[in-house]
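Letter 169 of the sequence shown, counting from 1, is numbered 197 in my numbering, and no numbers are missing. By construction, the Cβ of each residue, glycine as well, lies at the ideal position given by its N, Cα and C atoms. No experiment lies behind these values; they were computed from the predicted model shown.
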Amino acid sequence: MDTVMVATSQRSFAPHESGTLFLVPTPIGNLQDMTYRAVATLKQVDLIAAEDTRNTQKLLNNFDIETKQISFHEHNTQERIPELLDKLRAGVNIAQVSDAGMPSISDPGTELVAAAVAAQLPVVPLPGANAGLTALIASGLAPQPFYFYGFLDRKTKEQKTELAELAKHPETVIVYEAPHRLVKTVTAIANAVGPDRQLVLCRELTKKFEEFIRGTASEVLDWLATNPPRGEFVILIGGNTNPPVEEQDPLLSQPVEEHVKTLIARGEKPNDAIKAVAKARQLRKQEVYAIYHHLNEEN
């Protein structure tokens, strides 16, 4: 007997027998960007799961927050998640923070959230600082739609493949990069999108030396040649205004039955041909099967 799947509903602020997992953004540079609610939440929870407890302790000290911390980062995810879930089930309220910005956005958090949701434990997000969106709204590029990608692969071959796909996007693309890899990455981006595509480098967002470098890919590279990158960067890639048009498979112009017969003639088994035609035409397999076998025709 098939299992019936049903949607679940979480009312964030209804009474819960378990504890709640709060996702708390932290400033990306300027401590004044910490919200009143974020400070209050970190004071009220029983435990803070922090990416780097030493870094987070500086933030806690600034706001006189005395809540106990536990480390939660990419290297101890698997061992920590069962422990944190057990605490939540026992009624412990936990705040999860990364070193800067939104948890789960190019930072730890995703696996813990997924595990809590799967265990039907309440997860409550707080709004707050995010480097990608902060950069986007001041970039001068189209703010919507946008495509957030985060960090590119560090391996040259994989990164080249990523950028070849990102270059096709008509949306503004948001990429993160560390300063020591910035010139290499911007060069790779310029090679992928061409010298005339608009780029914006956003440096040290919300900090004293916040800076925006706007121009074509070639102009931005010229700027980097005389200005060694310092600080954290967000890279914004202007959308492709002339995205490539994918060539349509000529077989799609055939009637469905003829399409199936052509694939069979090429050596496909009938069922495999029917499945392939259904996928190519975004039809149900049963529908293609009925057309091919004339099952819906009146006798």
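On the three-state DSSP scale, how would you describe residue i?
i	result
Gln-129	Looking at the sequence shown, residue 129 is not Gln but Gly. It is a strand residue.
Ala-170	coil
Thr-95	coil
Val-120	coil
Arg-231	strand
Val-214	helix
Thr-84	helix
Ala-220	helix
Glu-111	helix
Glu-193	helix
Arg-258	coil
Lys-185	helix
Ile-56	coil
Asn-90	helix
Gly-137	coil
Thr-69	helix
Ser-37	coil
Per DSSP, residue i forms a beta bridge with which residues?
i	result
Thr-244	Gln-226
Val-201	Tyr-175, Ile-265
Phe-50	Ala-123, Val-152
Ala-77	Ile-98, Gln-124
Glu-239	Arg-231
Tell me which residues share the same chain as residue i and place their Cβ nearer than 7 Å to its Cβ, disregarding the 5 neighbours each side in the sequence.
i	result
Asp-195	The amino acid at residue 195 is misidentified as Asp; the sequence shows Ala. So the list reads Ala-220, Val-221, Asn-268, once near-sequence residues are dropped.
Thr-138	Ser-132
Val-73	Phe-50, Thr-95, Asn-121, Ile-122, Ala-123
By Cβ distance, which residues of its chain are closer than 6 Å to residue i, with the 5 residues on each side in sequence left out?
i	result
Ala-306	Lys-313, Val-316
Ala-159	Ile-56, Gly-129, Leu-233, Val-262
Ala-78	Thr-84, Gln-97, Val-125
Trp-251	Ile-241
Thr-162	Leu-233
Ala-144	Leu-49, Val-151
Closer than 8 Å by C-beta to residue i: which residues in its own chain qualify, once you throw out the five before and the five after it? Chain order, please.
i	result
Gly-259	Pro-207, Arg-231, Glu-232, Lys-235, Phe-237
Worksheet item: Fully enclosed by the stretch 260 to 317, which alpha helix (DSSP H) runs are 4 residues long or longer?
Response: Unbroken alpha helix (DSSP H) runs of no fewer than 4 residues, entirely contained in the stretch 260 to 317, are found at 284 to 293, 298 to 309, following chain order.
Item to complete: Check whether the stretch 258 to 270 touches the stretch 288 to 302, taking contact to mean three or more Cβ pairs, one atom from each stretch, closer than 8 Å.
Response: Verdict: no, contact absent.
Worksheet item: Are the stretch 94 to 114 and the stretch 50 to 64 touching, with three or more C-beta to C-beta distances below 8 Å?
Response: Cβ pair count under 8 Å is below three, so no.
Worksheet item: Taking three-plus beta-carbon pairs below 8 Å as touching, is the stretch 142 to 155 in contact with the stretch 169 to 178?
Response: Contact check between the stretch 142 to 155 and the stretch 169 to 178: fewer than three CB pairs, one atom from each, fall below 8 Å, which does not count as touching.
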